[in-house]
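Count along the sequence shown starting at 1, add 42, and that's the number in our numbering.
Here is the structure we will look at, set down as structure tokens.
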Amino acid sequence: RMQSGNLIDQAKSSASEGTGVCIVLSGTENRAFVTQVGATGHLAPEHLEGVNSLVRAQGKRVHVHISGFFSCTALRPLTADYFYNLRSMAQGAGSNLTISFDTNCDSSEQWESGVHEILKLVDVFLPNDVEAQGISKQADIVKAADELARLVRVAVFVTCGADGVVMQTREAVEKGLEPKRFRCPPNIVPVDPTGAGDAFDAAFIYKWAVLGGTLEEAALLGSCGGANCTLSFGANTAPASAKQLSEMADQIREHVMSEPP
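Here's what the structure looks like:
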């Protein structure tokens, strides 16, 4: 599937560590995760030279997305410096760099690790509601979105499951405007929410960073990607194609992009 999309796999192998494994215990009311991070815990900036090479290429359009932040124990304390260096490289090369970021859940429930400093270097932050509340220290989702939007360069999108998505831009919050809300796609009977956040991220990034769509259009396609993921067990059992998600977005656009009551 990666080859058909003209994607280059630059994964590095570790001689001493196995591949990380996450077992998801998914119930009707809640979920639990049992994780052995394996080689993921050793991921560090020196393993990302392929990314650096793209950013240094003259005049390139490059988008960088980092997720699973709280599981990347070696990368975690170096992420802010890494993003800062990426932006310096891009400026020197005249490259158009954008960065998106999704933390995953912090099993320690401390929600620290320098996230606020990292967000100042991020264009788009894509947390779920629990992550947004934990990082912002705000129980109210609107207040959480406002707090986080003041930190990032462009926008925050908080995914809220059946309650849809809350979007707040830095420009809007500085003007005192309320966040925008997007409804959950209709007629979705979820089987398993595992991976829905990452599916939202993938579709969002594709629309915004690859196709150059607006933030609103990206939120719509992301919502379709996340909703589609919940229709089967497992995080990546039946991924939809870009064409399928675009057709779904066209059919439900009016519903999703209208303000909830």
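Built from N, CA and C at the ideal position, the CB exists for glycine as well.
Please read all numbers here as calculations on a predicted model, not as lab measurements.
Check: Straight-line gap, GLN286 to GLU159 (C-alpha atoms, nearest Å); Outcome: 37 Å
Check: Chain-order list of residues whose beta-carbon lies under 6 Å from that of VAL164 (same chain, five-residue window excluded); Outcome: ILE141, PHE143, VAL194
Check: Cβ pair count under 8 Å reaching 3, the segment 114-122 against the segment 149-159; Outcome: yes
Check: Beta-carbon spacing of GLU258, LYS249 below 7 Å; Outcome: no
Check: Whole-angstrom distance between HIS89 and HIS105, CA atom to CA atom; Outcome: 17 Å
Check: Counterpart residues of HIS105 in DSSP-defined beta bridges; Outcome: THR140
Check: Proximity below 7 Å, CB of VAL215 to CB of ASP171; Outcome: no
Check: Counted within 10 angstroms of its Cβ, other Cβ atoms place ASP70 as buried (16 or more) or exposed; Outcome: It should be noted that the sequence gives Thr, not Asp, for residue 70. Result: exposed.
Check: Beta-carbon gap between PHE125 and ASN146 smaller than 7 Å; Outcome: no
Check: Extent of the continuous beta strand (DSSP E) run through CYS64; Outcome: 63-68
Check: Cut-off 6 Å between Cβ atoms - residues of its own chain near CYS76, not counting five sequence neighbours on either side; Outcome: The sequence shown places Val at residue 76, rather than the Cys named in the question. Excluding positions up to five away in sequence, the list reads ILE65.
Check: Status (buried if at least 16 other CB within 10 Å, exposed otherwise) for LYS54; Outcome: exposed
Check: Three-state class that DSSP yields for GLN78 in the structure shown; Outcome: strand
Check: Cβ contact check for the segment 207-227 and the segment 274-286: 3 or more pairs under 8 Å; Outcome: no
Check: For SER167: DSSP bridge partner residues; Outcome: Before going on, a small fix: residue 167 reads as Phe here, not Ser. Partner(s): PHE143, VAL198.
Check: Heavy atom of the ligand COA within 6 Å of ARG98 beta-carbon; Outcome: As presented, the structure is devoid of all ligands, the ligand COA included, so that no description of it is given.
Check: Where PHE275 sits in the DSSP three-state scheme; Outcome: coil
Check: Secondary structure, alpha helix (DSSP H): runs of 4+ residues fully inside the segment 207-232; Outcome: 212-216
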